[in-house]
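Colleague: One structure is given below, represented as structure tokens, and several questions about it will come after.
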Amino acid sequence: MAIDVSKLQLVIYPAAVLRQRAKPVTEVTDEVRAVAARMFELMRENDGVGLAAPQVGLPWRLFVTNSKQDKDEDRVYINPRIVSLEGDLEPYEEGCLSLPEIRADIRRQPRATIVATDLEGREFTLTHDGLLARVWQHEQDHLDGILILNRMTPLDRLATRRAVKELESSAVMHE
Ligand code: ZN
């Protein structure tokens, strides 16, 4: 196995991998399954409801979600595509595990349909509204290098400017 999954950790802004367009997963291997399992661990340790592969340093088109605490709700989305979005844009406060201390109202459509591949290599289609539809859109953005920083209102951009600058300068100090 090329990747030591136990070494995967959360990647914090402004890491370059968060700004890349992630690449399709060509085959669902044991390595992919191990990465997904580690992502659920990291998501839970950090009280997240979703986590995208770039957030653990892998430029892969894969994310995991669980908007409840029930492990039966764990779901892995490989090469996901949001095929339809419905409803009027609604603002709702979002955070991001790669942007600690930053929260902002992000406008998204309330209903989404997603097509993705699961860990057995089977394609599935799901339609949801509410929180899960929002999480899909947030995580799908990660696969395209888009962060909530890009979707904030000008007012939230001002309000979070100091926190963003602090993340940027602490990254410089660690280089
Ligand atoms: Zn995020």
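Position in the sequence shown (first residue = 1) + 1234 = the working numbering.
All residues carry an ideal CB built from backbone N, CA and C; glycine is no exception.
Quick test of your reading: Leu1389 and Cys1330, contact by CB under 8 Å. State the CB separation rounded to the nearest angstrom.
Modeller: Not quite, the Cβ-Cβ distance comes to about 18 Å (not below 8 Å), so this is no contact.
Colleague: Do you know offhand how far Glu1357's Cα is from Val1317's?
Modeller: Those two C-alpha atoms are separated by around 13 Å.
Colleague: Report back the beta-carbon spacing between Val1369 and Gly1284 to the nearest angstrom; my notes put them in contact at under 8 Å.
Modeller: Sure, about 4 Å apart at Cβ, within 8 Å.
Colleague: Below 8 Å CB to CB, which residues in the same chain sit around Pro1334 once its five sequence neighbours on both sides are set aside?
Modeller: For Pro1334, where only same-chain residues beyond five positions count, the Cβ hits under 8 Å are Ile1246 and Leu1401.
Colleague: Let me check understanding here. Comparing Cα to Cα, which of Ala1249, Glu1265, Asn1300 and Thr1260 lies closest to Ala1367?
Modeller: Selected option, being the one with the closest Cα: Asn1300.
Colleague: In terms of residue numbering, what span does the beta strand (DSSP E) encompassing Val1310 cover?
Modeller: It spans Arg1309 to Glu1320 - the beta strand (DSSP E) in which Val1310 sits, taken as one unbroken run.
Colleague: Spell out the partners DSSP gives Thr1359 in its beta bridges.
Modeller: Answer is Val1349.
Colleague: Please name the residue, chosen from Pro1293, Val1262 and Ala1236, that lies closest to Ala1250 on a Cα-to-Cα basis.
Modeller: For Ala1250, the nearest C-alpha among the options comes from Pro1293.
Colleague: Looking only at C-alpha atoms, which of Val1298, Pro1325, Gly1321 and Glu1327 sits nearest to Asn1460?
Modeller: What is shown of the chain runs 1235 to 1409, which leaves residue 1460 out entirely.
Colleague: Quick check: the Cα distance between Asp1281 and Leu1252, rounded to an integer number of angstroms?
Modeller: Straight-line Cα distance between these residues: approximately 20 Å.
Colleague: Could you spell out where the alpha helix (DSSP H) holding Ala1271 opens and where it closes?
Modeller: Unbroken alpha helix (DSSP H) run through Ala1271: Asp1264 to Glu1279.
Colleague: Give the range of the alpha helix (DSSP H) segment to which Leu1285 is assigned.
Modeller: Segment Gly1284 to Ala1286 is the beta strand (DSSP E) holding Leu1285; no alpha helix (DSSP H) there.
Colleague: DSSP three-state call for Ile1336: helix, strand or coil?
Modeller: If DSSP states are grouped into helix, strand and coil, Ile1336 belongs with coil.
Colleague: Pull up the CB-CB distance for Ser1332 and Gln1289, whole angstroms please, since I reckon it's below 8 Å.
Modeller: Yes, they are in contact, since the Cβ atoms of Ser1332 and Gln1289 sit about 5 Å apart, within 8 Å.
Colleague: Whose C-beta lies closer than 7 Å to the C-beta of Gly1321 among residues of the same chain, with five residues either side of it excluded?
Modeller: Gln1343, Pro1344 and Arg1345.
Colleague: With DSSP run on the structure shown, which of helix, strand or coil describes Pro1388?
Modeller: Here Pro1388 sits in helix by DSSP.
Colleague: Just how far apart, CA to CA, sit Val1269 and Asp1339?
Modeller: Their backbone Cα atoms lie some 30 Å apart in a straight line.
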